[in-house]
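Trainee: Residue numbers (the working numbering): 1 to 190. By construction, the Cβ of each residue, glycine as well, lies at the ideal position given by its N, Cα and C atoms.
(1) Could you tell me the alpha carbon to alpha carbon distance between residue 60 and residue 89, rounded to whole angstroms?
(2) Taking the straight line between their C-alpha atoms, what separation do you get for residue 147 and residue 174?
(3) DSSP three-state label for residue 78, please.
(4) In angstroms with no decimal places, state the Cα-to-Cα distance between residue 49 and residue 171.
(5) Secondary structure at residue 72, three-state DSSP: helix, strand or coil?
(6) Kindly indicate which residue of 109, 66, 126 has the alpha-carbon position closest to the one of residue 3.
(7) Give me the Cβ distance between residue 86 and residue 52, rounded to the nearest whole Å; I'm assuming they're in contact under 8 Å.
(8) Going by C-alpha to C-alpha distance, which of 123, 131, 127, 84 sits closest to residue 104?
So this is what it looks like as structure tokens:
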């Protein structure tokens, strides 16, 4: 990603940014990327008949996944009937106790970010970095009003790296998506 000067190559949550980067490189001939229509400050990763977002999900983190801005998704569903999610799911490994991956990543991106420096000053703990992800499935999930009603929200009263409040996001419960999902890469586990 760094070599291609991808905009999010420095991000700590690289598995999500890498999957988005991969989709942009491989689906750009069939989808508009990013979708030019914005909902406030929110844009969707792509557009092909409906707006799409690209996300990755670590199996170890359970059945819930934070997706896009709640109001933006609701407005896009109003405009298109549904929105789509291309979700790569797999098993991840985490940085060891020594923090070698974090040290390597800090060095690669040129040191600690301002956000990291402020986190240290507040004495907040650092999240463990994911060092590897083995994708076991890719799903296409259709999010319509019916599914949206079953979802909760997340990040209310949270803040962005710049200190501004975050808008609430949809918390998608993957156990409720069965009737909304098409598998394009079946589970590779035996």
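Mentor: By the coordinates alone:
(1) Roughly 10 Å separates the two Cα atoms.
(2) 10 Å
(3) For residue 78, the three-state secondary structure derived from DSSP is helix.
(4) 24 Å
(5) helix
(6) 109
(7) 6 Å
(8) 131
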